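Just so you know, we're using full-length UniProt numbering here: the sequence shown kicks off at 1 and counts up by one.
We put the CB at the ideal spot given by N, CA and C, even for glycine.
What you are looking at is a predicted structure, and each value in this text was computed from that prediction instead of being measured.
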Amino acid sequence: MEEQITVTTHRRGSKAAASRDEAVESAPERAPRTRSAKSSDAESPTKSGSKTSGGRSRSGRSTRSRSDSSRGGSRQSGSSRRSGGRGGSGRGRGDSIAPQQDEVLIAPPKYHKGSMRIVPLGGLGEIGRNMNVIEYNGHLLLIDCGVLFPEEEQPGVDLILPDFNYIKDRLGDIEALVLTHGHEDHIGGVPFLLNLRPDIPLIGSKLTLAFVDAKCKEHHQNPTMVEVNGRDKLKVGPFNLEFIAVTHSIPDALAVCVRTPAGSLIDTGDIKLDQLPLDHRITDLVEFGKLGEQGIDLLMMDSTNAEVPGFVKPETSIGPALERVFAEATRKIIVASFSSHVHRVQQVIDAAQKVGRKVVFVGRSMVRNMSIAADLGYLRIPEGAVVDLRKAHDIQDNKIVYMCTGSQGEPMAALGRIADGNHRDITINEFDTVVMASSLIPGNEHGVYKVINKLIQKGARVINKDNAAIHVSGHADEGELLYLYNIIKPKCAMPIHGENRHLVANGLIAVKTGVDPNNVVLAEDGDVVDLYHGQAAVVGSVPCGYVYVDGDSVGEITDDELEKRLILGTEGFVSCFVVVDTESSDVITTPKIYLNAMAEDESDFERVRGQIVEQLQDAMMQGTKDTYKLQQIMRRTIGNWVSRQLHRKPMVVPVVADIAQNDDPQDRR
1 MEEQITVTTH RRGSKAAASR DEAVESAPER APRTRSAKSS DAESPTKSGS
51 KTSGGRSRSG RSTRSRSDSS RGGSRQSGSS RRSGGRGGSG RGRGDSIAPQ
101 QDEVLIAPPK YHKGSMRIVP LGGLGEIGRN MNVIEYNGHL LLIDCGVLFP
151 EEEQPGVDLI LPDFNYIKDR LGDIEALVLT HGHEDHIGGV PFLLNLRPDI
201 PLIGSKLTLA FVDAKCKEHH QNPTMVEVNG RDKLKVGPFN LEFIAVTHSI
251 PDALAVCVRT PAGSLIDTGD IKLDQLPLDH RITDLVEFGK LGEQGIDLLM
301 MDSTNAEVPG FVKPETSIGP ALERVFAEAT RKIIVASFSS HVHRVQQVID
351 AAQKVGRKVV FVGRSMVRNM SIAADLGYLR IPEGAVVDLR KAHDIQDNKI
401 VYMCTGSQGE PMAALGRIAD GNHRDITINE FDTVVMASSL IPGNEHGVYK
451 VINKLIQKGA RVINKDNAAI HVSGHADEGE LLYLYNIIKP KCAMPIHGEN
501 RHLVANGLIA VKTGVDPNNV VLAEDGDVVD LYHGQAAVVG SVPCGYVYVD
551 GDSVGEITDD ELEKRLILGT EGFVSCFVVV DTESSDVITT PKIYLNAMAE
601 DESDFERVRG QIVEQLQDAM MQGTKDTYKL QQIMRRTIGN WVSRQLHRKP
651 MVVPVVADIA QNDDPQDRR
């Protein structure tokens, strides 16, 4: 019989959250709901208290599939509420619905002095916008402040930020912001946070702070920075911090251990156990072991690859594969990767050197980050190996490699514009080689394969993870997570950095290594987790939604407005204008109908004009004088007709002008 593993999912709405005395003061046996999952079962159990599709989100709107614009919600203090998953299969999308907040939020109890409170503002239920708030006796410590990149159902959105509303009224209580590494999903939101309070100290490694400093300069900011290395110790307010070197897909990544009189926790950031990294800086398992011996109450560990069995291959295995691809290429080579993936860029430079090709950095962020990495010694560039894009036209196609962004199918990134034929300097020709040298972030599959198909249509040979071993992940697989749990031996586990399925898989791994199932906390964005007397539980929740950056506006775009943009882009636009006299209950002018982004002609709507006149006259004769109500009648009449006749649901904008309201009352006496 297959082994059964029970995982307790501390949830909002549970008894642990409902009772202040139970959850915080006495910390007795709580009565959280439990879920049973087979250890080998690939299906992620849905968290108790969470609604599946067809249920209601905390904003009271039905959760919808990706095809129906999966993020609904209403505006909440400048942010857009999150409802349901993000649809599809990633970033909170998937076969199992992503973590979502309940219809009614249970407010957390008043902070209990002597406890440690953890509030994730992003990164739980999605791949991106990672941010955690740690509180002790009125003091706040922030860990990471990243962004999430928009998807097709968010037209016009540039970035998605964590919801700062929870800390906006307590900015003076923030002691520091710890940054675990320099990827955008961990540092991209820093300038927006500093707009609220410019003097928040930023703590991180040399390369991380250099990347952040460059971003802040673009926003005309001059932040206070504190550089740390692995095994450094630092006291910030009541928080005793110790930093641990970890391996990731970017150099200089750190985990952080936070100790207060209330207990201790470790936030690993993004982590893997590569034993042969390019920079020879391995994850410091010795230090993790020491901290484990001292006692760790709560381990917050990267969940991204928790479902992947085994161990991540070493980064050094990529070099030979790239060299083979480069040696076989007969024309120009284009390599797409993240703009901060220093290790991958180093391997591209080394492989290009061996086959006699020059490397050209393409894209502002790629040029900026690689310049910083080279200046600080993290990127080794042989003399003459890299040339400027402006000089690339003088080099033969078989002697050049373009290193650009766009590995996730972003339409405005360099590779996306190249695939569309819109790049000013680079054109795809037959027999060119394109290498997608980054992992595929869950949820980006459609965009990535769309770009790949465009490139192949133009005659390019595309090399990606499907046909060559040209990428290894920067996140620990299941085997590595088992090692970390066994080494650190935490009392409690709170999986972070991942979709719902990743968090659940991480929780199951913790149970396998001996963590009490009652001490596995499966939280989501906005949950309030209290650590008290070595026990951690969700005690309530705070509003925590998506905050959209659209040009210069931050938090002003709502999900309703995005839904209107989607309708405009996919269903078209119908406007209708009519003049009425509510005094005589008469329609004065024939309804004028205008169409936009629709294949039909205005003349096709002739049949509905009579229906509009009839409906408006009937309403006015029954006493309806309010032009707003008349407009809604006209909207419904047009919408129902279009739905029946054309099987579409365009945006309908009705305008009713009432001449009776414009008459001078003296004239009507």
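Member of the options whose CA lies at the smallest distance from the CA of residue i
i: leucine 415; options: Lys113, Ala460 and Pro314; result: Ala460
i: aspartate 284; options: Asp527, Val312, Pro591 and Glu242; result: Glu242
i: glutamate 602; options: Cys576, Ile463 and Gly263; result: Cys576
i: aspartate 185; options: Gln622, Leu171, Ile127 and Arg607; result: Ile127
i: isoleucine 496; options: Ile106, Ile143 and Asn137; result: Ile143
i: phenylalanine 211; options: Ser438, Ser339 and Thr268; result: Ser339
i: threonine 627; options: Met651, Gln615, Val656 and His647; result: Val656
i: glutamine 346; options: Pro238, Thr268, Val355 and Ala374; result: Ala374
i: leucine 528; options: Gly114, Ile134, Gly123 and Arg129; result: Sequence check: residue 528 is valine here, not leucine. For valine 528, the nearest C-alpha among the options comes from Ile134.
i: valine 286; options: Pro320, Lys313 and Val246; result: Val246
i: arginine 607; options: Gln632, Ala619 and Asn640; result: Asn640
i: histidine 502; options: Pro309, Ala437 and His183; result: Pro309
i: aspartate 394; options: Lys332, Ser473 and Thr582; result: Lys332
i: glutamine 617; options: Tyr594, Val642, Thr589 and Ala510; result: Thr589
i: methionine 621; options: Ile638, Ser643, Leu595 and Glu583; result: Glu583
i: phenylalanine 288; options: Asn305, Gly230, His343 and Lys313; result: Gly230
i: valine 355; options: His423, Lys399 and Glu383; result: Lys399
i: leucine 148; options: Gly123, Ile296 and Tyr166; result: Gly123
i: alanine 107; options: Gln645, Ser585 and Gly540; result: Gly540
i: arginine 281; options: Asp252, Met301, Gly295 and Gly292; result: Asp252
i: leucine 595; options: Val574, Ser585, Gln611 and Gly610; result: Val574
i: lysine 458; options: Val451, Ser317 and Ile428; result: Ile428
i: histidine 219; options: Gly204, Asn195 and Pro490; result: Asn195
i: leucine 291; options: Leu265, Phe311 and Ser303; result: Leu265
Under 8 angstroms between C-beta atoms of residue i and residue j
i: alanine 505; j: glutamate 307; result: yes
i: proline 591; j: valine 578; result: yes
i: tyrosine 485; j: valine 521; result: no
i: tyrosine 136; j: alanine 255; result: no
i: valine 178; j: lysine 215; result: no
i: leucine 299; j: isoleucine 488; result: yes
i: methionine 412; j: methionine 366; result: no
i: proline 162; j: methionine 131; result: yes
i: alanine 336; j: glycine 406; result: yes
i: glycine 572; j: proline 654; result: no
i: aspartate 270; j: valine 549; result: no
i: leucine 531; j: isoleucine 118; result: yes
i: cysteine 544; j: aspartate 525; result: yes
i: valine 462; j: methionine 436; result: yes
i: glutamate 323; j: leucine 276; result: no
i: leucine 273; j: histidine 343; result: no
i: aspartate 173; j: leucine 140; result: yes
i: glutamate 410; j: glycine 377; result: no
i: threonine 208; j: histidine 248; result: no
i: valine 226; j: leucine 202; result: yes
i: valine 359; j: valine 386; result: yes
Continuous alpha helix (DSSP H) stretch holding residue i: start and end
i: alanine 327; result: 318-328
i: leucine 276; result: That residue, leucine 276, is in no alpha helix (DSSP H); it is neither H nor E in DSSP.
i: isoleucine 613; result: Looking at the sequence itself, residue 613 is valine, so the reference to isoleucine does not match. Taken as a continuous stretch (DSSP letters only), the alpha helix (DSSP H) holding valine 613 covers 606-621.
i: arginine 364; result: 364-375
i: alanine 510; result: 500-512
i: tyrosine 628; result: 627-646
i: glutamate 480; result: 478-488
i: valine 286; result: 285-294
i: glutamine 457; result: 445-457
i: phenylalanine 192; result: 190-194
i: isoleucine 418; result: 414-420
Closer than 7 angstroms: residue i CB and nearest the ligand GTP heavy atom
i: histidine 341; result: Summarising the ligand content, the structure contains no ligands, and the ligand GTP is consequently not present.
Those residues which DSSP pairs with residue i across a bridge
i: residue 684; result: Residue 684 falls outside the range modelled here, since the chain spans only 1 to 669, and no answer is possible.
i: valine 335; result: Met403 and Val435
i: lysine 358; result: Ile400
i: methionine 116; result: Tyr136 and Leu531
i: cysteine 145; result: Answer is none; cysteine 145 lacks a bridge partner.
i: valine 348; result: None; valine 348 has no bridge partner.
i: glutamate 184; result: Its beta-bridge partners do not exist; DSSP assigns none.
i: tyrosine 548; result: Ile160
Extent of the continuous beta strand (DSSP E) run through residue i
i: isoleucine 160; result: 159-161
i: leucine 298; result: 298-300
i: valine 178; result: 174-178
i: aspartate 463; result: According to the sequence provided, residue 463 is isoleucine. The question's aspartate does not apply to it. Segment 461-463, the beta strand (DSSP E) holding isoleucine 463.
- [ ] Within the segment 204-276, note down every full alpha helix (DSSP H) run reaching 4 residues or more, in order along the chain.
- [x] 206-218
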